[in-house]
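Student: Structure provided below as structure tokens; questions to follow.
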Amino acid sequence: MTLAPIAQFRVPSQPVAARVPVAVEATSDHELMIAVRAGEIRRLGDLFERYHQPLYGFFVRLTNQPSVGEDLVQIVFYRILKYRHTYRDEGKFSAWIYHLARKVAADHFRKHASTPIPTDPVDMLDQADAGAQPSEQAAAAEDVVLLRAALARLPLEHREVLVLSRLQHLEHKEIARLLDCSVGAVKVRAHRALKELREVYFKIRKEKVA
Amino acid sequence: MNCQRVQDNFIDYQDGSLPADESAQLRAHLTSCPTCQREWAALQEMTRKLDALPVAEPSPRLRENFYAMLDHAQRDADAPSPFALARSRIDRFFAALLPEQPAMQFAFALALLVCGLLAGQHYLARPAAAPVDDSAKREVAELRKQMDAVNQLVVASLLQQKSTTERIQAVLTTMDQKAPSPSDLHAMLTVMQTDSSINVRLSIVDALNQHSDDSIVRAGVLSALPRERAPLVQVAMIELLTAARDRVAEPVFEKLSRDESVDLNVRAAARRALAVLRLPAASPTATLQPAAQPLLT
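Residue numbers (this note's numbering), protein chains in the order written: chain A, 625 to 834; chain B, 51 to 347.
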């Protein structure tokens, strides 16, 4: 591997197209949720449009099972409806929804403790980009499969911190509040998780070659 | 800056949240340290790989399910519960009853309170006291009746004792109490008038000596004295009444002292007693003792 100038490698913490919507829009998440709490239930639809995709990504990365991910997203929104009265005036909606999501995921893992997380599921393969060159496409697809397998092999707490920081683009401060630990602890955990992911990734690649 | 410190700062540097001076130090270290360069490159590579993971797209089923659930919840929220309906109806009823202005409402409530107080005073106060009195009286009468029954039982059991010794024993046991109840005394007086044994009657009179300040005892002894036929008991009774200095006994003593059929000793005792009672404040026991002594032996 050749070393490029460091500045080129810097990955922005917010990716080009921010998928978690910015609160500057017409109505903020918080205002919408307050309205839902007051009985305007249909306004939860707006929140669903903003959050269902990131949440689905969170669950799919965490469980490695796309079909389970959809069910868990549904459960999160069901709980939002059911416990809407507990949403506090000073609350932050994104923190609340991820808090609920973590609980839903924990319930899922508790219920299916005996079922191992699939490391290489078939349904992970059906999203290969058809437009790319055959050789490049094959290499990229293989890389994605390898990475997913490596991610699935990480312990849950490492996988979770990676998913929250790199895939859900939550700030370390938010993750710390969510995991109930210090910001420093989150950073240390994220760094360790990345190192471990790399080790597992290369281990799996070696296994495949052999 | 050592390697460990540099690597600890990687995450912040990656985020762009590392202060400018520390970022400069980190960059300077990286240019000179191959180990940290490798580490940094590896971190960046994995981060890029992670960020390049295709976004997972949920199926349309998720949206359909969600909106079905939302419709259902909205319908539930819109449909008023029967409880809420009933409550609003009750609210309307009371709203119709009350005047609209708060001041009038207050006056209305005050008027209602005064009416209630007057009505309560008028209807509740008097009849409430009467039945309590009646029932209390009935209760007392009932208790008195029960007490009489107990008395009769005591007397009966005393009289039923077979031997004289047992009867005396019973009398002594009853009178041995520090403060025998009026009912006990009453029972003793009854036995004193009815028992066939001189010894029993005598021991009762003896025992009653301690209670001669009780008017019931004195009245009982006085009423029993004319009917008593045993001289010993008569003398004991006269002594008891004299010791108590009860002047009510005077006519009875007079009658006894003049009655020819009465024992000589009794007549003498009665005469002495009369003398004692007519003396202003002398001690009666001193004068009586010499005459009583030979009679008892």
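For glycine and all other residues, C-beta sits at the position ideal for the given N, C-alpha and C. In this text, all values refer to a predicted model and were calculated from it rather than measured experimentally.
Could you tell me which chain A residues have their CB closer than 7 angstroms to the CB of Gln54 (chain B), listed as they occur along the chain?
Tutor: Going along chain A, no residue has its Cβ under 7 angstroms from Gln54 (chain B), so there is no contact; the nearest lies around 11 angstroms.
Student: Are the segment 127-146 of chain B and the segment 93-103 of chain B touching by the rule of at least three beta carbon pairs closer than 8 angstroms?
Tutor: no
Student: Verify the CB distance criterion: does Asp767 (chain A) have a CB-CB separation below 8 angstroms to chain B?
Tutor: yes
Student: Interface residues of chain B around Ala814 (chain A) at Cβ under 8 angstroms?
Tutor: Here the neighbours are Ile61.
Student: From what residue to what residue does the alpha helix (DSSP H) around Gln57 (chain B) run?
Tutor: Where Gln57 (chain B) is concerned, the enclosing alpha helix (DSSP H) stretches over Cys53 to Asp58.
Student: Taking Cβ-Cβ distances shorter than 9 angstroms, what residues in chain B pair up with Glu694 (chain A)?
Tutor: Glu694 (chain A) reaches chain B at Pro108, Ser109, Arg111, Leu112 and Asn115, counting residues in chain order whose Cβ is nearer than 9 angstroms.
Student: Can you pull the chain B residues whose beta carbon is under 7 angstroms from the beta carbon of Gly715 (chain A), in chain order?
Tutor: Chain B residues near Gly715 (chain A): none, gap ~20 angstroms exceeds 7 angstroms.
Student: Does DSSP classify Cys805 (chain A) as helix, strand or coil?
Tutor: coil
Student: Going by beta carbon distance, what residues of the same chain come within less than 7 angstroms of Val787 (chain A), once the five residues before and after it are set aside?
Tutor: Contacts found: Phe682, Arg685 and Leu686.
Student: So, is Lys727 (chain A) buried or exposed, given that buried needs 16 or more other C-beta atoms within 10 angstroms?
Tutor: Looking at its Cβ environment, which holds fewer than 16 other Cβ atoms inside 10 Å, Lys727 (chain A) is exposed.
Student: Check the Cβ of Ala135 (chain B) against every Cβ in chain A and list those closer than 7 angstroms, keeping chain order.
Tutor: It should be pointed out that residue 135 (chain B) corresponds to Leu in this sequence rather than to Ala. None at all; the shortest Cβ gap to chain A is about 17 angstroms.
Student: In the structure shown, what three-state DSSP assignment does Cys352 (chain B) receive?
Tutor: The structure shown does not extend to residue 352 (chain B), since chain B is modelled only from 51 to 347, so the question has no answer here.
Student: Note down the Cα distance separating Leu258 (chain B) from Glu289 (chain B), rounded to an integer number of angstroms.
Tutor: 11 angstroms
Student: Around the C-beta of Arg268 (chain B), are 16 or more other C-beta atoms found within 10 angstroms, so that it is buried, or is it exposed?
Tutor: Arg268 (chain B) comes out buried.
Student: What is the DSSP secondary structure of Ala350 (chain B), reduced to helix, strand or coil?
Tutor: Chain B is shown from 51 up to 347; residue 350 (chain B) falls before or after that span and cannot be answered.
Student: Quick test of your reading: Val250 (chain B) and Met238 (chain B), contact by CB under 8 angstroms. State the CB separation rounded to the nearest angstrom.
Tutor: At roughly 10 angstroms, the Cβ-Cβ gap does not stay under 8 angstroms, so Val250 (chain B) and Met238 (chain B) are not in contact.
Student: I need the straight-line Cα distance from Arg137 (chain B) to Ala146 (chain B), nearest angstrom please.
Tutor: 14 angstroms
Student: Verify the CB distance criterion: does Asp101 (chain B) have a CB-CB separation below 8 angstroms to chain A?
Tutor: Yes - at least one Cβ of chain A is within 8 angstroms of the one on Asp101 (chain B).
Student: Since Ser253 (chain B) is in the alpha helix (DSSP H), which residue starts that stretch and which ends it?
Tutor: Ile248 to Leu258
Student: With 7 angstroms as the C-beta to C-beta threshold (strictly closer), list the residues of the segment 67-82 of chain B near chain A in chain order.
Tutor: Arg77 and Leu80
Student: Please list, in chain order, all residues of the same chain as Leu148 (chain B) whose beta carbon is under 7 angstroms from its beta carbon, the five residues on each side excluded.
Tutor: Gln155 and Phe158
Student: With Leu679 (chain A) and Arg667 (chain A) assumed to form a contact (beta carbons below 8 angstroms), what rounded beta-carbon distance in angstroms separates them?
Tutor: That belief does not hold up - the Cβ atoms of Leu679 (chain A) and Arg667 (chain A) are roughly 18 angstroms apart, past 8 angstroms.
Student: Taking all protein chains shown into account, decide if Phe717 (chain A) is buried (16 or more other Cβ within 10 angstroms of its Cβ) or exposed.
Tutor: With 16 or more other CB atoms across the displayed protein chains lying within 10 angstroms of its CB, Phe717 (chain A) is buried.
Student: Is Arg783 (chain A) near Leu775 (chain A), with beta carbons less than 8 angstroms apart?
Tutor: yes
Student: Please state whether the Cβ-Cβ distance between Leu818 (chain A) and Leu93 (chain B) is less than 8 angstroms.
Tutor: yes
Student: Could you compute how far the alpha carbon of Ala773 (chain A) sits from the alpha carbon of Gly693 (chain A)?
Tutor: One C-alpha to the other measures close to 17 angstroms.
Student: Return no unless some Cβ of chain A is closer than 8 angstroms to the Cβ of Ala127 (chain B).
Tutor: yes
Student: My assumption, with CB atoms under 8 angstroms, is that Val810 (chain A) sits in contact with His796 (chain A). Please give the rounded CB distance.
Tutor: Going by Cβ atoms, the distance from Val810 (chain A) to His796 (chain A) rounds to 5 angstroms, so yes, they are a contact pair.
Student: Just the chain D side, please: which residues come within less than 7 angstroms of Ala123 (chain B) by C-beta, in chain order?
Tutor: Absence of chain D from the displayed structure is noted, the protein chains being A and B.
Student: According to DSSP, simplified to helix, strand and coil, what is Glu289 (chain B)?
Tutor: helix
Student: Inspect the beta-carbon positions of Asp256 (chain B) and Ala280 (chain B) and report whether they are closer than 8 angstroms.
Tutor: no
Student: Can you check whether the CB of Glu798 (chain A) is closer than 8 angstroms to the CB of Ala719 (chain A)?
Tutor: yes
Student: What residues in the segment 667-684 of chain A bring their beta carbon closer than 8 angstroms to a beta carbon of chain B?
Tutor: Leu668, Gly669, Phe672, His676, Gln677, Tyr680, Gly681 and Val684
Student: Could you give the DSSP three-state label for Pro108 (chain B): helix, strand or coil?
Tutor: coil
Student: Which bits of chain B does Arg822 (chain A) rub up against, with CB to CB less than 7 angstroms?
Tutor: Ala92 and Met96
Student: What are the boundary residues of the alpha helix (DSSP H) that includes Thr673 (chain A)?
Tutor: The sequence given here places Glu at residue 673 (chain A); Thr does not occur at that position. Element bounds for Glu673 (chain A): Leu668 to Thr687.
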